[in-house]
C-alpha cells in the first residue's frame, strides 16, 4: 500500500475510522508513517496527536480500543480508510461516534453476524456445540432439520399463532444458514440471487 505522507509539511494524512460491522463512520484522526506502521503491526488504531506531538493508541487510557480489520488508501494516496471493531464508545464524550450517532447494527445485519458465527463453528468444531453436532451429522440431517422447521413455521402461520410463527421461522432461518455453510455458501449468496431476480 503506497501512502504519500509528503503532501503536508507535518507528514500527516487523515484517517477515517469506520465500523467494519455497521459501516458507521466513528471518527477522524491523523496518522504519520510511524503511526500507520504501528497500527498495522499491533492491530489497534494509532494516531499522531497534533496537540500532544506524539503517537497515541486510541483506547490506551479508556480501554475503548479500535481493533483493525482492514486498511485502504484513496485514489490520491493521501487519505486512509481504516475499518475497525470498536471496543466500546469511540468519542471521548462517551458517544458511540464523534458525531454523536448511535452505532448499533440494524436487525437485518445480524444475519451476517450469525453467518460469521456459524462459519467459525464450522472452522473450529467445538465440542458440545449444537451447530457442531449438525455439521458432524452431515447434509441429510441438516436438510431434515430445515424441513422440520419449515413445517413448524407453516403450522404456526396456519394457526394464526404469530409468536410461534416468528419463533419457528427463526429456527428455520438458522438451520438454513447451517445448511448453506455446510454446502460452502453463505446467506449473502441467497441475497445475491434474490437481487438478481429483482433486477430481472
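Numbering (full-length UniProt numbering), first residue to last: 1 to 200.
Ideal Cβ placement from N, Cα and C applies to all residues, glycine included.
No experiment lies behind these values; they were computed from the predicted model shown.
| Item | Value |
| --- | --- |
| Hey, could you find the ends of the alpha helix (DSSP H) residue 119 is sitting in? | 110-124 |
| Please identify the residue among 42, 71 and 69 whose C-alpha is closest to the C-alpha of residue 57. | 42 |
| So, helix, strand or coil for residue 12, using DSSP? | coil |
| If you draw a straight line from the C-alpha of residue 8 to the C-alpha of residue 87, how long is it? | 31 Å |
| On the three-state DSSP scale, how would you describe residue 87? | coil |
| Reducing DSSP to helix, strand and coil, say where residue 27 ends up. | strand |
| Given a threshold of 16 other Cβ atoms within 10 Å of its Cβ, counted over all protein chains shown, does residue 103 qualify as buried or as exposed? | buried |
| Taking the alpha carbon of residue 110 as the point to measure from, which residue in 185, 100 and 22 has its own alpha carbon closest? | 22 |
| If you draw a straight line from the C-alpha of residue 34 to the C-alpha of residue 3, how long is it? | 12 Å |
| Give me the residue from 19, 20 and 29 with the minimum Cα distance to residue 12. | 29 |
| I'd like the list of long-range same chain contacts for residue 122, defined as Cβ closer than 7 Å, with 5 residues on each side in sequence excluded. | 135 and 181 |
| Find the nearest neighbour of residue 148 within the set 119, 176, 67 and 75, judged by alpha-carbon distance. | 176 |
| Since residue 68 sits in a beta bridge, which residues does DSSP pair it with? | 84 |
| State buried or exposed for residue 168, treating a residue as buried only when at least 16 other CB atoms are found within 10 Å of its CB. | buried |
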